[in-house]
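S.K.: Residue numbers (UniProt numbering), protein chains in the order written: chain A, 1 to 475; chain B, 1 to 307; chain C, 1 to 273. Have a look at this one before I ask anything.
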Amino acid sequence: MRRISRLTPPALLGAAALVLLTGCLGSSDSGSGDQDANRNAEATKVELTIGANSVKGGKNSAGATFTQDVLIPKFVEAQKAKGVDVTVKFQGDGSDDEVYKQKLSLDLSNKSGPDLINIDGIWVGEFAQAGYIKPLTDTVGDAAKVDEWDGWKQIPESVQQLGMFEGRRYGVPGGTDGRVIYFNKKLFQQAGLPADWQPKSWADIIAAGQALKKLPGVTPIQLNGGTAMGEATTMQGVLPMLVGTGATINTDGKWLGNSAQIREVLDFYKQIYGSGLGDPVLQREAKGRDKSFAEFAANKIGILFEGDYFWRSVVEPKEGVAKMADRDTAVGYALIPASKPGAGVKGQDFVSMSGGGATAINPNTKFPQQAWELLQFMNSAEMVEAGLDGAAKITQRTDVNAKVLAGDPMLNFVATKVLPITQYRPGLAEYPRISAALQQATADVVGGKSVDDAGKAYETAVEAAAGGKDKVTTN
Amino acid sequence: MSATTEPVPGRPARVRGPAQDVAGLGIGRAFGFVAPALLLIGAFLVFPALWTIYIGITNYRLTGVEAVSPSIVGLSNYTRALNDALFHNALWLTLLFVLGSAIIGQNFLGFALAWTMRRARPVVRRTVEALVLLAWILPSTVVAYLWIAFFDRDTGTLNSILGTQGTAWLIEYPMACLIIFNTWRGTAFSMMLYSSALQAVPPSQLESARMVGASGWQTLRDVVFPHIRGHVLTNTLLISLWTANDFSPFLLTKGGPNHESETVPVYIYNVALQGGELGYSSAISFLLLIANLLVALLYLRLLRRRS
Amino acid sequence: MTPAYVVRRIGFYVLICAITLFFAIPMLWIASAPFDSSPGLGVRWPDWTLDNVRKTLSHPYALHSMVNSLIICVTTAAAVTAFAALASYALSRVRLPGRDALLYGLLLLSSVVTGTAAMVPIFVMMFQLGLIDSRFGVALVMTGGLLPAAIFILKDFVDAVPKSYEESARVFGASTGQILRDVVLPVARPGLATIMVWAFVNSWGNFLVPFLLIRSIELQPGAVLLQTFTDEGGSANLTVIPVFSLLFSIPVVVLYLLVNSRYGFRFHGGIKS
Chain A
1 MRRISRLTPP ALLGAAALVL LTGCLGSSDS GSGDQDANRN AEATKVELTI
51 GANSVKGGKN SAGATFTQDV LIPKFVEAQK AKGVDVTVKF QGDGSDDEVY
101 KQKLSLDLSN KSGPDLINID GIWVGEFAQA GYIKPLTDTV GDAAKVDEWD
151 GWKQIPESVQ QLGMFEGRRY GVPGGTDGRV IYFNKKLFQQ AGLPADWQPK
201 SWADIIAAGQ ALKKLPGVTP IQLNGGTAMG EATTMQGVLP MLVGTGATIN
251 TDGKWLGNSA QIREVLDFYK QIYGSGLGDP VLQREAKGRD KSFAEFAANK
301 IGILFEGDYF WRSVVEPKEG VAKMADRDTA VGYALIPASK PGAGVKGQDF
351 VSMSGGGATA INPNTKFPQQ AWELLQFMNS AEMVEAGLDG AAKITQRTDV
401 NAKVLAGDPM LNFVATKVLP ITQYRPGLAE YPRISAALQQ ATADVVGGKS
451 VDDAGKAYET AVEAAAGGKD KVTTN
Chain B
1 MSATTEPVPG RPARVRGPAQ DVAGLGIGRA FGFVAPALLL IGAFLVFPAL
51 WTIYIGITNY RLTGVEAVSP SIVGLSNYTR ALNDALFHNA LWLTLLFVLG
101 SAIIGQNFLG FALAWTMRRA RPVVRRTVEA LVLLAWILPS TVVAYLWIAF
151 FDRDTGTLNS ILGTQGTAWL IEYPMACLII FNTWRGTAFS MMLYSSALQA
201 VPPSQLESAR MVGASGWQTL RDVVFPHIRG HVLTNTLLIS LWTANDFSPF
251 LLTKGGPNHE SETVPVYIYN VALQGGELGY SSAISFLLLI ANLLVALLYL
301 RLLRRRS
Chain C
1 MTPAYVVRRI GFYVLICAIT LFFAIPMLWI ASAPFDSSPG LGVRWPDWTL
51 DNVRKTLSHP YALHSMVNSL IICVTTAAAV TAFAALASYA LSRVRLPGRD
101 ALLYGLLLLS SVVTGTAAMV PIFVMMFQLG LIDSRFGVAL VMTGGLLPAA
151 IFILKDFVDA VPKSYEESAR VFGASTGQIL RDVVLPVARP GLATIMVWAF
201 VNSWGNFLVP FLLIRSIELQ PGAVLLQTFT DEGGSANLTV IPVFSLLFSI
251 PVVVLYLLVN SRYGFRFHGG IKS
């Protein structure tokens, strides 16, 4: 034992090593920016890899299965007809989005990774800023070639935003979605509320909640809040409400601080969770969102804010995770109102938020021309429709939507009524932390803090996340 | 190092420990023996660690502008950490976690098991030891599912046993759950260490303690403890360090609800991945390393006082 | 048999039962849920079915991931044991300059898990070495991470091996190599076995390192695959997870039982400092 007492302090391990390290961060080399976009354009033996966060038998299994079993063979066949021998590999991950993003970033920052990369729309900005992806016209080299693709005409302008950053196209959007208010018509009837309910203001929602509160064992309103639900809180809760006050979370590069609009949203949370119109415990639970689905399906929640995913995959009568056999008659849906008529963003009466993915081309691909061909092929009407495999889902293409959504009034409602008024999140690197700050603010309010205190704490968090007071507005 | 305290029988006691090149290895070959391990440790542990220290003084991020051109921000990550309420919260929770599950939980339960199992029937002993060890060797992802199922609000085993349906243990008492979980998970190490340590206590001394009518507690304090004091300290140190750096709380609670179980490793993970702020998360990692160092120094002081 | 003795005995067994239950009950889930027709997060007497097993076995990557896990972890365990054995023997028997500082440093390093923050350097390094998408590369990184604690623990095993054996062998004219092979190795075997199990177990559950360093799903180990069993909404797929968890635990348990029956799984000499 005495031996250790005589130790010299741990050896000073190497100041020299530090010198080595400096310069290892970031992509300091300059060469890759101006590669020849027509490299290997005439190659007859081509290898491409598609990267996505999906895997057969796991996360987004259907997407992985379609890509591997339909898309790739068809593309290979089509290329063979042209005399090109293409091998396409699918590199599926199927893990949490955050770790997938980390892995992709590590790959891309080392100028490697799959040739086509499937990313969340909100990553486009930060990936672009980091130089991980480049505008399609740069990668493909020929602006006309990209812009003249006939697919663009079928993708609505608002949806194209998903793959855009600072006005330039970085990727082709995949499908999208839209948020609405769902309500249980059976409970509404018991509470004496109309079956074709369409609130015009937040006060209407509260009023309906109070009517529902009289029913025993019913939680009137589920508006996602708190940190446990993560992005679901921001996307289904805070942001749709915020655009209903006329504000957006980021305007001209500045983040919204503790402003009147934020406090208005927090006050709405207070009205719901401070007076028994919502279940605060549910917002704290790790599986709270799943549980809210189950409760809605069991006629225990009256009003619920969700995306069309809820209709397609949650209360869907056959395959849903919380099946409702009588979905088509029992579940009503309405547009999310602005706080008051005309008070929404761009003076709208109704608002929504949307998200979705996009596919970009790796700027360091060996075969940029062929990658662009594959990307077009992936987003052709034929493949987009085939990818649905008979399911009704909102795709990026209007022509496909018209065809596949005809039989589903709800999804048609989203495609035609919600998408034109919807907003997308800003795809900036700071966004995740801003989003976390918003979640935290709702957690504080749901947990009982006052709106003012939560707002102040939010302000501090936003300033730290945005990197300074000058990047935050409190208008 | 048993030879230090208890000289090998039949040999003159030596001042210094077991370092004695009995097999004729020689310094040269000894270096050759140590080299591969050191090389690997250097390459995959020390080098990344140093690099992490460097990242800690930059504003490097996973994506965005700072990913291409990170700049050196000096110590501002550290000053930020000092003022970061969430980091303070994480430190405090880590302290609770180590104190509750390692220093008290694993240590005491491990010792109690080692002490009682000495005299138990072999079949009892083997069964209990196997169970305790099983908890230690199962893969952590699997263990996480076991405990999520155990604590589940609706159908969880704990609620069925206690008849408290609807209690969301992981929400209402997240730290208590984690402490119980980690005690369950890690007791095996302490148990094994103490049971081999207890073999070093001369049975004659235990016998004479019984003859003079010493109570169980007196025996432990006056006869057993002096013999195993070194073991206790080493064990406590090792399990404390392991627990402080343990990531498995993330698998159970993800740090929630509302940061109530966000220990430092979980916080580092959340900062690095959810926020993408590798610079800041590296700085916190370094602070955690410093905290480990302090704990280790404290341990050395305690050892020194002993000799 | 005094009444006090009886009371003590009863108390003793009650305590043993309580401890046994504490350790056993959380494990019940993995025994019941895999064979339940509607597996949930609770423990109940299963409504027996082998459907889940069938579904898991027909999963495109499930069995293959086990093989990958085995390849990675056997390599890791073997490398950790071999390198730690050599190093700890040398450190135990030869007073190398700077040895104490080294041991002390190892002790500290043993707690530094290759965490999230260190993933950037490790990835960049492996990328430069061309070891991305390689199971061998994953094993190397894990070996580096586990070695310090392994050496630290194993050195105490070796310290506890009486030197008289080696001395007498030497008196009889055995060479250093012979002594190591025929005298030290057999005596140290239980310790080596324990360290091997420890290294195997620790690498078996590791998710982040293989996830980041391996690209093809065909090469990913079970710990990574286990994370992918979710549905579209991100909820856990409870048909596959329990069975896979059970399968995934078997190799570890088998290895432990094997080592335990041959050598006894315990800290031979005990760690003191």
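We put the CB at the ideal spot given by N, CA and C, even for glycine. All figures in this text were calculated on a predicted structure; none of them were measured in a lab.
#1: So, does the CB of C/Ser216 fall closer than 8 Å to a CB anywhere in chain A?
#2: Looking only at its own chain, which residues have a Cβ that is under 8 Å from the Cβ of A/Phe188, when we skip the five neighbours before and after it?
#3: Could you tell me whether the Cβ atoms of A/Ala386 and A/Val70 are closer together than 8 Å?
#4: If you draw a straight line from the alpha carbon of A/Ser27 to that of A/Ala62, how long is it in whole angstroms?
#5: Would you mind sorting A/Glu166 into buried or exposed? The rule is 16 or more other CB atoms within 10 Å of its CB.
#6: Would you mind working out which of B/Ala102, B/Ile53 and B/Ile41 sits nearest B/Asn245, comparing C-alpha positions?
#7: Cβ atoms of B/Thr63 and A/Ser105: under 8 Å apart, would you say?
#8: Determine, using beta-carbon pairs with one atom in the stretch 71-85 of chain B and one in the stretch 161-171 of chain B, whether at least three such pairs fall under 8 Å.
#9: Looking at the unbroken beta strand (DSSP E) that takes in A/Arg179, where does it start and where does it end?
#10: At the level of alpha carbons, what is the spacing between A/Ala429 and C/Ser69?
#11: Just to confirm, is the Cβ distance from A/Phe296 to A/Ala334 under 8 Å?
#12: State buried or exposed for A/Arg433, treating a residue as buried only when at least 16 other CB atoms are found within 10 Å of its CB.
#13: Of all the options A/Gly288, A/Gly257, A/Ser352 and A/Ser339, which has the alpha carbon lying nearest to the alpha carbon of A/Glu463?
#14: With burial defined as no fewer than 16 other Cβ atoms inside 10 Å of the residue's Cβ, what is the status of B/Trp92: buried or exposed?
#15: A/Gly92 versus chain C: which residues are under 7 Å apart at the beta carbon?
#16: Between the stretch 57-73 of chain C and the stretch 199-211 of chain C, can you find at least three pairs of beta-carbon atoms closer than 8 Å?
#17: State the CB to CB distance for the pair B/Leu58 and B/Val73, rounded to an integer number of angstroms; the pair is presumed to be in contact (CB under 8 Å).
#18: Going residue by residue through the stretch 157-213 of chain A, where are the continuous beta strand (DSSP E) segments of at least 3 residues, counting only ones entirely within it?
#19: Tell me the residue span of the alpha helix (DSSP H) that contains B/Glu172.
#20: Taking only the alpha-carbon atoms, compute the straight-line gap between C/Ile153 and B/Thr94 and give it to the nearest angstrom.
#21: So, is the C-beta of B/Asn107 closer than 8 Å to a C-beta in chain C?
#22: If you measure between the beta carbons of B/Ser140 and B/Leu251, is that distance less than 8 Å?
#23: Over what stretch of residues does the beta strand (DSSP E) that includes B/Pro36 continue unbroken?
#24: Please return the same chain residues whose Cβ sits closer than 7 Å to the Cβ of A/Val404, not counting the five positions on each side in sequence.
#25: According to DSSP, simplified to helix, strand and coil, what is C/Ser261?
#26: As a quick exercise: from A/Pro420, A/Ser450, A/Tyr458 and A/Asp470, pick the residue whose alpha carbon is nearest that of A/Gln161.
#27: Which whole-angstrom value is the C-beta distance of A/Val88 and A/Val76, which I expect to be below 8 Å?
#28: Starting from C/Ile71, find everything on chain B with Cβ-Cβ shorter than 7 Å and list it in chain order.
#29: Can you give the Cα-Cα distance for B/Thr183 and B/Thr253, rounded to whole angstroms?
#30: What three-state label does DSSP hand A/Ile301 in the structure shown?
#31: Which chain B residues sit within Cβ distance under 9 Å of C/Ala2?
#32: Exposed or buried, what is A/Val172 when buried is set at 16 or more other beta-carbons lying within 10 Å of its beta-carbon?
#33: What residue range is occupied by the uninterrupted beta strand (DSSP E) comprising A/Ser352?
#34: Taking its Cβ as the centre, do 16 or more other Cβ atoms sit within 10 Å of C/Ala18, making it buried, or is it exposed?
#35: Where DSSP assigns a beta bridge to A/Ala334, which residues make up the other side?
#36: Using 8 Å as the threshold, is the C-beta distance between A/Asp470 and A/Ala454 below it?
M.R.: Quick answer:
#1: Position 216 of the third sequence, counting from 1, holds the residue named residue 216 of chain C. Against chain A, the CB of C/Ser216 has a partner CB under 8 Å away; the residue lies at that interface.
#2: Taking the first sequence and counting its residues from 1, one reaches residue 188 of chain A at position 188. Correct list, in chain order: Pro194, Ala195, Trp197, Ala208, Leu212, Gly302 and Gly332.
#3: Within the first sequence, residue 386 of chain A is the residue found at index 386, counting from 1. Within the first sequence, residue 70 of chain A is the residue found at index 70, counting from 1. Yes, the Cβ-Cβ distance between A/Ala386 and A/Val70 is below 8 Å.
#4: The residue you call residue 27 of chain A lines up with position 27 of the first sequence. The residue you call residue 62 of chain A lines up with position 62 of the first sequence. Confidence at A/Ser27 is low in this model, with a pLDDT of 47, below 50, so its placement is unreliable and the value that follows should be read with caution. When rounded, the distance between both Cα atoms is 36 Å.
#5: Within the first sequence, numbered from 1, the residue matching residue 166 of chain A stands at position 166. Here A/Glu166 is exposed: its Cβ has fewer than 16 other Cβ atoms, across all protein chains shown, within 10 Å.
#6: The residue you call residue 245 of chain B lines up with position 245 of the second sequence. Considering only alpha carbons, the answer is B/Ala102.
#7: The sequence position of residue 105 of chain A within the first sequence is 105, counting from 1. The sequence position of residue 63 of chain B within the second sequence is 63, counting from 1. Taking 8 Å as the Cβ cut-off, A/Ser105 and B/Thr63 qualify as a contacting pair.
#8: Segments in contact, no.
#9: Walking along the first sequence from the start, residue 179 of chain A turns up at place 179. Arg179 to Asn184 is the span of the beta strand (DSSP E), which, as asked, contains A/Arg179.
#10: Position 429 of the first sequence, counted from the first residue, corresponds to residue 429 of chain A. Position 69 of the third sequence, counted from the first residue, corresponds to residue 69 of chain C. So the two alpha carbons sit approximately 35 Å from each other.
#11: Numbered from 1 along the first sequence, position 296 holds the residue referred to as residue 296 of chain A. Numbered from 1 along the first sequence, position 334 holds the residue referred to as residue 334 of chain A. Not closer than 8 Å, so no.
#12: As a first step, residue 433 of chain A is located in the first sequence; it is residue number 433 there, counting from the start. Taking a 10 Å sphere around the C-beta of A/Arg433, we find 16 or more other C-beta atoms and assign the residue as buried.
#13: Position 463 of the first sequence, counted from the first residue, corresponds to residue 463 of chain A. Cα-wise, what sits closest to A/Glu463 is A/Gly257.
#14: Counted from its first residue, the second sequence places residue 92 of chain B at position 92. Exposed: under 16 other Cβ atoms inside 10 Å.
#15: Within the first sequence, numbered from 1, the residue matching residue 92 of chain A stands at position 92. By Cβ distance, chain C contributes Ile217.
#16: The way I'd put it, the stretch 199-211 of chain C does touch the stretch 57-73 of chain C; three or more beta-carbon pairs between them come closer than 8 Å.
#17: Mapped onto the second sequence, residue 58 of chain B falls at position 58. Mapped onto the second sequence, residue 73 of chain B falls at position 73. At residue 58 of chain B the sequence reads Thr, which differs from the Leu that was named. Correct: roughly 6 Å between the Cβ atoms.
#18: Correct list: 171-176 and 179-184.
#19: Here residue 172 of chain B is taken as the residue at index 172 of the second sequence, counted from 1. Trp169 to Glu172 is the span of the alpha helix (DSSP H), which, as asked, contains B/Glu172.
#20: Taking the first residue of the third sequence as 1, we reach residue 153 of chain C at position 153. Taking the first residue of the second sequence as 1, we reach residue 94 of chain B at position 94. Straight across, the Cα-Cα distance linking C/Ile153 with B/Thr94 is about 25 Å.
#21: Translated into positions along the second sequence, residue 107 of chain B becomes position 107. With 8 Å as the cut-off, B/Asn107 does not count as an interface residue toward chain C.
#22: The count along the second sequence starts at 1 and reaches residue 140 of chain B at position 140. The count along the second sequence starts at 1 and reaches residue 251 of chain B at position 251. Yes, they are a contact pair.
#23: As a first step, residue 36 of chain B must be located in the second sequence, where it is residue number 36. Per DSSP, B/Pro36 lies in no beta strand (DSSP E) segment; the continuous alpha helix (DSSP H) that holds it begins and ends at Gly26 to Ile41.
#24: Taking the first residue of the first sequence as 1, we reach residue 404 of chain A at position 404. Excluding the 5 residues flanking it on each side, A/Val404 has same chain C-beta neighbours closer than 7 Å at Glu385, Leu388 and Ala392, in chain order.
#25: Within the third sequence, numbered from 1, the residue matching residue 261 of chain C stands at position 261. Correct three-state label for C/Ser261: helix.
#26: Position 161 of the first sequence holds residue 161 of chain A. Comparing C-alpha distances from A/Gln161 to each of A/Pro420, A/Ser450, A/Tyr458 and A/Asp470 shows the shortest one belongs to A/Pro420.
#27: The count along the first sequence starts at 1 and reaches residue 88 of chain A at position 88. The count along the first sequence starts at 1 and reaches residue 76 of chain A at position 76. The C-beta distance from A/Val88 to A/Val76 rounds to 6 Å, short enough to meet the 8 Å contact threshold.
#28: For this step, residue 71 of chain C is matched to residue 71 along the third sequence. Neighbours of C/Ile71 in chain B, taken as residues at a C-beta separation under 7 Å, are lacking, since the least C-beta distance is about 16 Å.
#29: Working through the second sequence from its first residue, we reach residue 183 of chain B at position 183. Working through the second sequence from its first residue, we reach residue 253 of chain B at position 253. B/Thr183 and B/Thr253: Cα-Cα distance of roughly 16 Å.
#30: Counted from its first residue, the first sequence places residue 301 of chain A at position 301. In the structure shown, the three-state DSSP call for A/Ile301 is strand.
#31: Within the third sequence, numbered from 1, the residue matching residue 2 of chain C stands at position 2. First, the amino acid is wrong: residue 2 of chain C is Thr here, not Ala. Correct list: empty, because the minimum Cβ distance to chain B is about 14 Å.
#32: If you number the first sequence from 1, residue 172 of chain A lands on position 172. So A/Val172 ends up on the buried side.
#33: To locate residue 352 of chain A, count along the first sequence from 1; it is residue 352. Note, A/Ser352: beta strand (DSSP E), Phe350 to Ser354.
#34: Within the third sequence, numbered from 1, the residue matching residue 18 of chain C stands at position 18. C/Ala18 should be labelled exposed.
#35: Sequence index remark: in the first sequence, residue 334 of chain A carries index 334 (1-based). In the DSSP output, where bridge partners are listed per residue, A/Ala334 has A/Ile181.
#36: In the first sequence, residue 470 of chain A corresponds to position 470, counting from 1. In the first sequence, residue 454 of chain A corresponds to position 454, counting from 1. The answer is no: Cβ separation not under 8 Å.
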